[in-house]
Each structure stands twice: as structure tokens, then as C-alpha cells.
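Reading through the C-alpha cells given below for one structure.
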Amino acid sequence: MAPIRILQVMPAMDAGGMETFVMNVYRAIDRDKVQFDFVYHYDKPCFYDYEIRALGGQIYKLTVRQDNNLPRYLHQLDRLFAEHPEYRIVHGHYSGFGMFYNAAARRRGVPVRIGHSHNTAYEPNLVGKLDKLMSARFNRDLTDRFACSRKAGEMLFGASPFTVLPNGVDTGAFARHDPEARARLREHLGVAEDEILLGHVGRFSAQKNHAGLLRIFAAALQRRPNARLLLLGQGPLEAETRTLAQELGVADRVIFAGVRTNVQVFYHAMDAFLLPSLFEGLPVVLVEAQAAGLPCFVSDTIDRGAAFADGVHFLPLGDTDAWAAALAGADLARNPAARDQALAAGFDVHTSAGILQEFYLRRWQEVTP
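Each residue of the sequence shown is one higher than the last, beginning at 25 in this note's numbering.
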């Protein structure tokens, strides 16, 4: 029997937290029973394209986020659902255009339309304002709802019922520590053994607050002059971040490493993880860093439900002295119980994938004659 096919709707499949979570689930599900296909809102090459196709997924690339041509987008959606009646379940991770793609799915008889909230706020820019405006109508055509945290669900769904599904990761991959591999990577990065490597993984966008991160690092250097900062990611504010590093006089202590496919190894090169985001749903990178056993220093805007392991420090956003003092006074030893704590809290991807797989199969049976 062929697997059921679930249509995942995303802005694109670049290297971000929401995208990484979906890929984690995709790798872990039984693809003989459940297969994923994807709709993007950009027609461009994306980070996960090759792996999606290698796993058996189809990709439909629409253009509305590039050309802003709404009539064309509506025509593309109607044609997609008309030509592919095999899609009985649409899982939307992108609320901004959900009022359009869910309505198109409903009109073409798609019986299960899932909304999934991955954040607690919108980007503080024009795109964020437009997404917020359109998301207000996203809830209308949904039959089922998921959220990465309680706050994320309340933000998008209000009083409508939803299920909290933790952002699971492959805890085995992140907990596997190889001292020799750590030493080789640090040498490759130009980090001495007696230096403290602080790390961050995230897109260079306003939400991730790289400007605040650099100011925290500059203050931390006054107390820990042997510190270095490793930044993994890319995005529209990267050039601005590089300029600020120069202005703060810390550029020679900051490593811009770009996007990597083997991000788990980089956590093992770090001594601590920093996440001063302005807002988050339930950050996948924080789950990864905890699973790797790292001490984590995160902004107090982040839901405390994201912390499941020992050594997570919540600090006031904007108070660089508090961050510097916490980094100077903390024990930076790795947490040997990290994986057990992740498993106990339900943050292993096999738990998340199992919940979603059971849900997809059950809902498919309910709506299929």
C-alpha cells in the first residue's frame, strides 16, 4: 500500500528553526506509511531541497513572496489542489498566507487543514505587520491546530483548542561527544584550547537580536578576555552585524561560520550557548544546545517551558552587564545528564514524529471513505 501524502506548507525550506523541526520529523517518520510533499512561497533553490527529494518528497514552488501577484497565487493554488486530489491533509506552518491556501484547499474538498504555530510574535517590520494582519483570518478555515508552546498557540489561535507538540531533535546525534573531533574543529576555526568559545545559531534577522548579542559579547570580553564568539547562520542583517562587530572592536574575536549541514558538531566545539532573541516560539536551537549538554544563556522573553536540562540561565533582555556577569560566574562544564533530561521531557524527535504520524494516519482514516 502506498504511503499517505501530507502537504506541508512553508515560506521556503531554508535553514531555520521551523524548517529544521519539520525535517527532523520527516527523517524520523515511517515513510512507508507517511510521505511529505511541500509547497513553498518562493521559487528559489533552498537549503533542504536536495534532501527532501532524496527522501521521496515533491516540491511545488510558488512565487507570491517574490512577485506579490495575488491573482496568480490564487490560480496556482486552485490548480495545485485540482490536479492533486491525493492530498487529504494540508499541514500549514506559514500563517501569513494561510487565509488563501486553506480557503483554496477547502474549496477543492481537502478535509483536514492543520495550522501550526511556531512563534509568539511577528517580525518588527512591514512583512511582519502584513503577516499579522493575514494571520488573523488563518484560524477560520482550520480543522486542527498544533503549536510548539502554549504561548505560541495562544498567540495565533486565541481561544481555539490546540495541541502543544515539542520541537524534538535527534538527541542521540547532539549528545554524542567526541573530544578529538572537538579539538580538530576548534583548530580549524582558529580557536585555542584555552579559549572559551561562546556560540549562537540563528538567522541574521531582527528577531534573533545579533546587535544585542554582540554588545553582550563585548561586555563579556571585559571579564573573560579569552572568549571568542561563533555565529552560525546567514540572513539579511549579516553585513550590518559584521559592521557592528568592527565598531565595537570585537571583530577579531568573532567567527562568522555561515550555514552548515553538520551543525551538531559545532555545538561540541562550543563551551556555552547564547540566545538573546527578542521573541521565540520554542527555539529548536535551544533544544539542540541543551541536548548537547551546553550551558545556555537565553533572554527572559523565551518561554521557560523551553528549558528541560540543567544549566539554562534566563537573563533580562537589554541588560548586557547581567549577561556578562552570568557568563563570568557560571560553571561552563557540560551536562552529562542532558540526553536523559531531553528524553524525559519529550524533546526527542522520535516522540514528536510518533505523535504526528499517529495523528496523520488517524485523521486520514476518519476522512477517507
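Even glycine gets a Cβ: it sits at the ideal position worked out from N, Cα and C. The structure displayed is predicted, hence computed values, not measured ones.
Its Cα nearest to that of Leu339, the residue Trp347 stands out among Phe332, Ser376 and Trp347. By the neighbour-count criterion, in which a residue is buried when 16 or more other Cβ atoms sit within 10 angstroms of its Cβ, Leu238 is buried.
With fewer than 16 other CB atoms across the displayed protein chains lying within 10 angstroms of its CB, Ala26 is exposed. In its chain, beyond the 5 residues on either side, Asp67 have a beta carbon closer than 6 Å to the beta carbon of Thr87. Pairwise C-beta distances place the stretch 284-292 in contact with the stretch 307-314, as three or more of them are shorter than 8 Å. Here Gly317 has Arg358, Asn359 and Ala362 as same chain residues with Cβ atoms under 6 Å from its own Cβ, once five neighbours each way along the sequence are excluded. Three or more pairs of CB atoms, one per stretch, sit closer than 8 Å, so the stretch 218-233 contacts the stretch 243-255.
Under the three-state reduction of DSSP output, Ala160 falls in the coil class, being neither helix nor strand.
In terms of Cβ geometry, Phe124 and Tyr97 form a close pair [threshold 8 Å].
Uninterrupted alpha helix (DSSP H) stretches at least 4 residues long and entirely within the stretch 336-370 occur at 344-353 and 362-368, given in chain order. Between the stretch 295-303 and the stretch 325-337 there are three or more C-beta pairs closer than 8 Å, enough to call the two in contact.
Non-local beta-carbon contacts of Asp102 in its own chain, meaning distances under 6 Å to residues more than five positions away in sequence, involve Ala128 in chain order. Remark: C-beta atoms of Ala242 and Leu272 approach each other more closely than 8 Å. Comparing alpha carbon positions, the residue from Gly196, Ser184 and Gln100 closest to Thr375 is Gly196. Under DSSP, Gln32 takes part in a beta bridge, and its partners are Phe62 and His115. For Gln365, the closest of Gln381, Ala331, Val33 and Val287 by C-alpha to C-alpha distance is Ala331. Asn286 places its beta carbon 8 Å or farther from that of Val193. Between Leu356 and Pro307, the CB-CB gap reaches or exceeds 8 Å.
Distance between Lys232 and Glu107, taken at the CA atoms: about 39 Å.
By alpha-carbon distance to Arg89, the top candidate from Arg137, Tyr74, Ile379 and Met34 is Met34.
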